[in-house]
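Colleague: Following this message is one structure expressed as structure tokens.
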Amino acid sequence: MPKSPRRFTAVATVCAALISAVGLLAPTAQAQVRTGAPASVLAAPDAETSLPRDTGTPPGTEGQSTTVTRPDGTQARFAVFSTDYATGQTIWYRTQSAPGGPFGAWSQVNGMSLNFQNLVLTAAADADGALEVFTIGYQSSVLVRIHQAGPDGPWSAPEPFGPAGAGVPRFFGPPVAFQRADGTLAFFEVYQGSGSPRLYVNEQSAPGVWGSWNDLGSGPLPAGVATPSSVTQSADGRLTVLAHMWNATSWTARISEQAPGGPWDPWQDCRNGGCAAG
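Rendered as structure tokens:
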């Protein structure tokens, strides 16, 4: 007997709640886009009071969500919806036409079904206002990038985004897209190929133009590092990353650029005041 779409959605919702309750998901369910200004977060877990009240009928049961602020001050809200048995979980978005105004109707980013066992939703705005989404497809470990062809333009097909032959392991945290002072993005994610998981960074040279992957290694300890818990930019443009050790959340490590967009210094072990200077 075919499964009822309504029954599938209800079961999926209950399962997701149980998984979240016992802590089987990554440390945080959604990635954050951080800006160079201190303590300013462009894409963060939505709070009920942080946004104007949405209107309209959402296309299914909403799960993860994240919100991005574009250069003109308008916001774009992204959410994962469980729609029906055939399509499973997909990404939808809606935008404001003016800062602080109401959101428009929901639209689907792409018809791709997501990997519910390693659910990733990262969104970012390029310096020109075009939106980018990073996620993982159903029964896959390969991170993909879906982007607009200019502000409010059509969405591209999913494109693999990561070092060749590498996938995204579970439980290392969500990807982080940091926005530099000039509006370009630096993307951080833990990838795993044939060896142990390692943190990589890719930095834009212009809006929507990504460079090559820079292997930052696995950190100063054998356990390896998770995705960044903090990214900051110095006055001269250099980035500094602070990351927790994967299996010891009270231990952190730090790594900094030697020059903007250039090579990186070795990792520093921040235990016992090891990162007090700098």
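Mind the numbering: the sequence shown is residues -31 to -1, 1 to 247 in mature numbering (1 follows the signal peptide of the UniProt record, and there is no 0), read in order.
Glycine is no exception: its CB is placed at the ideal position from the N, C-alpha and C atoms.
Apply the 10 Å Cβ neighbour rule to A6 and answer buried if 16 or more other Cβ atoms are within range, or exposed otherwise.
Modeller: Residue confidence for A6 is low, a pLDDT of 37 falling below 50, so the modelled location carries little weight; the figure read from the coordinates is stated next. Burial call: exposed.
Colleague: Excluding five sequence neighbours on each side, which residues of the same chain lie with their C-beta closer than 7 Å to the C-beta of P129?
Modeller: For P129, where only same-chain residues beyond five positions count, the Cβ hits under 7 Å are V111 and V113.
Colleague: Taking the straight line between their C-alpha atoms, what separation do you get for W236 and Q58?
Modeller: Roughly 38 Å separates the two Cα atoms.
Colleague: Helix, strand or coil for residue 249 per DSSP?
Modeller: Outside the displayed range of the chain (-31 to 247) lies residue 249, so it cannot be described from this structure.
Colleague: Who does S225 pair with in a DSSP beta bridge?
Modeller: Answer is T209.
Colleague: Return helix, strand or coil for R114, following the three-state DSSP convention.
Modeller: It is a strand residue.
Colleague: What is the residue span of the beta strand (DSSP E) that N171 lies within?
Modeller: Segment R167 to A175, the beta strand (DSSP E) holding N171.
Colleague: Within this structure, are the beta carbons of V159 and L168 separated by less than 8 Å?
Modeller: Yes, the pair counts as a contact, with Cβ atoms nearer than the cut-off.
Colleague: According to DSSP, is F157 helix, strand or coil?
Modeller: Strand.
Colleague: Put G193 into one of helix, strand or coil per three-state DSSP.
Modeller: In the structure shown, G193 sits in coil (DSSP, three-state: anything other than H, G, I, E or B).
Colleague: Beta carbon of I105, beta carbon of V89: below 8 Å?
Modeller: Cβ atoms of I105 and V89: closer than 8 Å.
Colleague: Threshold first: 3 residues or longer. Then list the beta strand (DSSP E) segments lying entirely within the stretch 84 to 109, N to C.
Modeller: Whole beta strand (DSSP E) segments, 3+ residues: 91 to 94 and 100 to 105.
Colleague: Would you mind working out which of F140, S82, Q44 and T52 sits nearest A99, comparing C-alpha positions?
Modeller: The option with the nearest alpha carbon to A99 is Q44.
Colleague: Where does R46 fall in DSSP's three states?
Modeller: If DSSP states are grouped into helix, strand and coil, R46 belongs with the strands.
Colleague: Is there a Cβ of chain C sitting closer than 8 Å to that of L208, yes or no?
Modeller: Going by chain labels, chain C is absent from the structure shown, which holds only one protein chain.
Colleague: Within the chosen definition, does the stretch 202 to 210 reach the stretch 226 to 241 through at least 3 CB pairs nearer than 8 Å?
Modeller: The answer is yes - the stretch 226 to 241 touches the stretch 202 to 210, with three or more Cβ pairs under 8 Å.
Colleague: Measuring alpha carbon to alpha carbon, tell me which residue in Q117, S187 and T30 is nearest residue 258.
Modeller: Since the displayed the chain opens at -31 and closes at 247, residue 258 lies outside it and no answer follows.
Colleague: Under 8 Å, do R46 and F72 count as touching if we go by C-beta distance?
Modeller: Going by C-beta atoms, R46 is nearer than 8 Å to F72.
Colleague: Report the rounded CA-to-CA distance for G69 versus R149, giving the unit in angstroms.
Modeller: Each residue's Cα considered, the two are about 24 Å apart.
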